[in-house]
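**Q** Shown below is the structure under consideration.
2 protein chains.
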Amino acid sequence: MDATSDKSSNVAKKKRLRDAEATKLRILEAAKSDFAKNGLGGARVDVIAAKAKANKRMIYHYFGSKDNLFQTVVENAYLDIRTAELKLHLDDLEPKEALERLVQFTWQYYLRNPEFITLVNSENLHRAKHVKKSELIKTASRKFVAMVSSILDRGVISGDFRAGIDPVQLNITIAAIGYYYITNRFTGSIIFERDLMDKDALNERLEFNIDTIIRLVSA
Amino acid sequence: MDATSDKSSNVAKKKRLRDAEATKLRILEAAKSDFAKNGLGGARVDVIAAKAKANKRMIYHYFGSKDNLFQTVVENAYLDIRTAELKLHLDDLEPKEALERLVQFTWQYYLRNPEFITLVNSENLHRAKHVKKSELIKTASRKFVAMVSSILDRGVISGDFRAGIDPVQLNITIAAIGYYYITNRFTGSIIFERDLMDKDALNERLEFNIDTIIRLVSA
DNA sequence: TCAGGAAGTAACTAGATGGTGCATTAAGCG
DNA sequence: CGCTTAATGCACCATCTAGTTACTTCCTGA
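First to last, the sequence lines map onto chains W and D.
Position one of the first sequence corresponds to residue 0 (numbering that gives the first Met the number 0), numbered consecutively onward.
Position one of the second sequence corresponds to residue 0 (numbering that gives the first Met the number 0), numbered consecutively onward.
Written out as structure tokens, the structure is:
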């Protein structure tokens, strides 16, 4: 599209030998992947550097410490899901439809981004010390709770939902029924003697979860 | 009670300087605690040895490797909860009562044994490679699923529950709504801006969970 | 065009870390 | 009581790991 582009003025920057932003991004991607796979304690800075095709020194140059790198990764992970949720524009849907859509979205998000789950698990192993410091996460979370709260309110007014449901409890339950299934897919597949990640099993679970939530809120 | 006991014939054995069983148990306890706190990767063999007041050499003498020690800890953890569940004798209760009791038990078990949750998380990070090897866990799990299945069947016959509910999906959901809350208590308390481990909050959650499950199965 | 700062590299360190070889000591049996 | 065996302790190793030092190479604005 832009055959005449030169190096300095180019929106879709072509690769350059030295690019701080690109290196930072590569490090963050590699770190997300390795932290998700091995946890904060199990991940290795050398491995992250290699995977990012960057020198280990760069990690310390840009992020200061392994702990700080993890903090950034976790923060990004939370902001990503919260942003995606807001983009659903659930306020434009009928209450029941909005809730079903949210359950479906949450399920699919976990399915497509299992690193999110592992990162959250690792963060809780460390008693949320990184999330605690992030104002960005707190602000985004507030918006999210408000969104679900508003769906509930609209549903009560329309007569679809019963009154008195705590939006936080509902939120937790919607997350829980998807999260648990995915995070424990390995032990679960053995204990229940069926492949929980089979395509049909996944669809079945989504249906079950939507049903669970609708029954929970219905008037 | 047994003032005249001598060292060899004593049911409640008195401490002796060399006691393989006692040492093994101390190591297992220490290992459970440290693995739960730091995960398999984050736990340190030296720390476990120190906490068990045993020499590190003993760990390798009795368990062979760190990995093997973890396997034993995870196996015991599963057997403990499965045993406790069977002791509930839910078959003696009315279906609805039995289900409520199971939800409550599961919740309280997680609350009192948070190590169980962290161990399961760690085991899933390692793709269940240890659980996969344990026939004991598989046998115990089968009995557990059968138990819930029988409650469901009885409930359908009595007219309390609707037909066609998959006992595995129900099992997963019962575990999920408690497990998620507890495992993510640290990030959750920040994101939802309330202390999820407050006594009132815990009671509220249990009520909510029982309600969720009863609404899910009711005819 | 060229100086100086930013980006990048390789080699290194100090302290862990999982795991062992071997000597020592208590238990308990005959 | 002495002897065999199992339980225990100590010192040690090879390797790994987060973090650093000292250096080179590239980019860019004046």
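Glycine included, C-beta positions come from ideal geometry on N, C-alpha and C.
Using the Cα positions of W/GLU203 and W/SER188, report the straight-line distance between them to the nearest angstrom.
**A** For W/GLU203 and W/SER188, the distance between alpha carbons rounds to 15 Å.
**Q** Please confirm whether D/ASN154 and D/VAL216 have their CB atoms less than 9 Å apart.
**A** This sequence places Gly at residue 154 of chain D; Asn is not what is there. Yes, these two residues count as a Cβ contact at 9 Å.
**Q** At a Cβ threshold of 9 Å, is W/LEU110 touching chain D?
**A** No, no contact with chain D.
**Q** Between the Cα of W/TYR59 and those of W/LEU27, W/LEU87, W/LEU118, spot the shortest distance and give me the residue it belongs to.
**A** For the residues W/LEU27, W/LEU87, W/LEU118, the minimum Cα distance to W/TYR59 belongs to W/LEU27.
**Q** Can a CB atom of chain W be found closer than 9 Å to the CB of D/VAL155?
**A** Not an interface residue.
**Q** What do you get for D/ALA29, buried or exposed, if any count of 16 or more other CB atoms within 10 angstroms of its CB means buried?
**A** The residue is buried, with at least 16 neighbouring Cβ atoms inside 10 Å.
**Q** Tell me whether W/SER133 sits in a helix, a strand or coil according to DSSP, three-state version.
**A** If DSSP states are grouped into helix, strand and coil, W/SER133 belongs with coil.
**Q** Which of helix, strand or coil does DSSP assign to W/SER217?
**A** Here W/SER217 sits in strand by DSSP.
**Q** Below 6 Å CB to CB, which residues in the same chain sit around D/LYS95 once its five sequence neighbours on both sides are set aside?
**A** Excluding sequence neighbours, D/LYS95 sits near ASP159.
**Q** May I have the straight-line CA-CA distance separating W/ALA48 from W/ASN112, to the nearest angstrom?
**A** Taking the straight line from one Cα to the other gives about 22 Å.
**Q** Taking 8 Å as the limit between beta carbons, can you name the residues of its chain near D/ARG193, skipping five residues before and five after?
**A** These residues qualify, in order along the chain: ALA200.
**Q** Report yes if the C-beta distance between D/LYS31 and D/ASN67 is below 9 Å; otherwise report no.
**A** Not in contact: D/LYS31 and D/ASN67 (Cβ atoms no closer than 9 Å).
**Q** State the DSSP-derived secondary structure class of D/PHE191, mapped to helix, strand or coil.
**A** Coil, per DSSP.
**Q** When you compare the CB of D/PHE160 with every CB in chain W, is at least one pair closer than 9 Å?
**A** Output row for D/PHE160: interface = no.
**Q** Which residues in the same chain have their Cβ closer than 7 Å to the Cβ of D/LEU89, if we skip the five residues on either side of it in sequence?
**A** The residues are ALA97, ARG100, LEU101, MET146, ILE150.
**Q** With a threshold of 9 Å between beta carbons, is W/TYR179 in contact with chain D?
**A** Output row for W/TYR179: interface = yes.
**Q** Do W/ALA234 and W/SER121 have their CB atoms nearer than 9 Å?
**A** Residue 234 of chain W lies beyond the range of chain W shown here (0 to 218); nothing can be said about it.
**Q** Is W/ASP33 buried or exposed, if buried means 16 or more other CB atoms sit within 10 Å of its CB?
**A** By the 10 Å Cβ count, W/ASP33 comes out buried.
**Q** For the stretch 175 to 203 of chain D, which residues have a CB atom closer than 9 Å to at least one CB atom of chain W, in sequence order?
**A** Residues ALA175, ILE176, GLY177, TYR178, TYR179, TYR180, THR182, ASN183, ARG184, PHE185, THR186, GLY187, SER188, ILE189, ILE190, PHE191, GLU192, ARG193, LEU195, GLU203.
**Q** Chain D beta carbons: is any one of them nearer than 9 Å to that of W/ARG141?
**A** Cβ-Cβ to chain D under 9 Å: yes for W/ARG141.
**Q** Would you decide whether D/LYS13 is buried or exposed? Buried here means 16 or more other CB atoms lie within 10 Å of its CB.
**A** At D/LYS13 the pLDDT is 41, less than 50, meaning the model places this residue with poor confidence; the figure from the coordinates comes in the next sentence. Per the 10 Å Cβ criterion, exposed.
**Q** For D/LYS12, which three-state DSSP category applies?
**A** Any answer about D/LYS12 is weak, because its pLDDT of 36 lies below 50 and its placement is not dependable; what the coordinates show is given next. In the structure shown, D/LYS12 sits in coil (DSSP, three-state: anything other than H, G, I, E or B).
**Q** Which residue marks the beginning of the alpha helix (DSSP H) containing W/ASN120, and which one marks its end?
**A** Looking at the DSSP string, the run of the alpha helix (DSSP H) that includes W/ASN120 is 113 to 124.
**Q** Based on Cα-Cα distance, which residue from W/ALA53, W/GLY41, W/ARG184, W/GLU93 lies nearest to W/ARG25?
**A** Cα-wise, what sits closest to W/ARG25 is W/ALA53.
**Q** Under a CB-based cut-off of 9 Å, is W/LEU231 close to chain D?
**A** As displayed, chain W neither begins before 0 nor continues past 218, which places residue 231 of chain W out of reach and without an answer.
**Q** Under DSSP, the alpha helix (DSSP H) around W/ASN170 begins and ends at which residues?
**A** Its alpha helix (DSSP H) spans residues 166 to 182.
**Q** Can you pull out the residues from the stretch 110 to 131 of chain D whose beta carbon lies closer than 9 Å to at least one beta carbon of chain W?
**A** From the stretch 110 to 131 of chain D, only THR117, VAL119, ASN120, SER121, GLU122, ASN123, LEU124, HIS125, ARG126, ALA127, LYS128, VAL130, LYS131 have a Cβ closer than 9 Å to chain W.
**Q** Who are the neighbours of D/VAL167 on chain W, taking C-beta pairs under 8 Å?
**A** Under the 8 Å cutoff, chain W gives PHE191, ARG193.
**Q** If you measure beta-carbon to beta-carbon, which residues of the stretch 35 to 47 of chain D are closer than 7 Å to chain W?
**A** Flagged, chain order: ASN37, GLY38, GLY40, GLY41.
**Q** Nearest-angstrom Cα distance between W/THR172 and D/ASN183?
**A** One C-alpha to the other measures close to 12 Å.
**Q** Do D/GLY63 and D/LEU124 count as a contact pair if the criterion is CB distance below 9 Å?
**A** Taking 9 Å as the Cβ cut-off, D/LEU124 and D/GLY63 do not qualify as a contacting pair.
**Q** State the start and end residues of the unbroken alpha helix (DSSP H) segment that holds W/ALA49.
**A** Its alpha helix (DSSP H) spans residues 44 to 50.
**Q** Assuming D/PHE115 contacts W/ARG126 under a Cβ cut-off of 8 Å, what Cβ separation, rounded to an integer in Å, is found between them?
**A** Wrong, their Cβ atoms sit about 18 Å apart, outside the cutoff.
**Q** Can you find the residues in the same chain that come closer than 7 Å, C-beta to C-beta, to W/THR211, ignoring five residues on each side of it along the sequence?
**A** Only ILE176 meet the Cβ criterion.
**Q** Could you pull out every residue in the same chain whose Cβ sits closer than 8 Å to the Cβ of D/VAL167, ignoring the five residues on either side in sequence?
**A** Closer than 8 Å at Cβ, skipping near neighbours: VAL144.
**Q** Locate the alpha helix (DSSP H) running through D/LYS86, then write down its first and last residues.
**A** First-last for D/LYS86: undefined, no H or E at that position.
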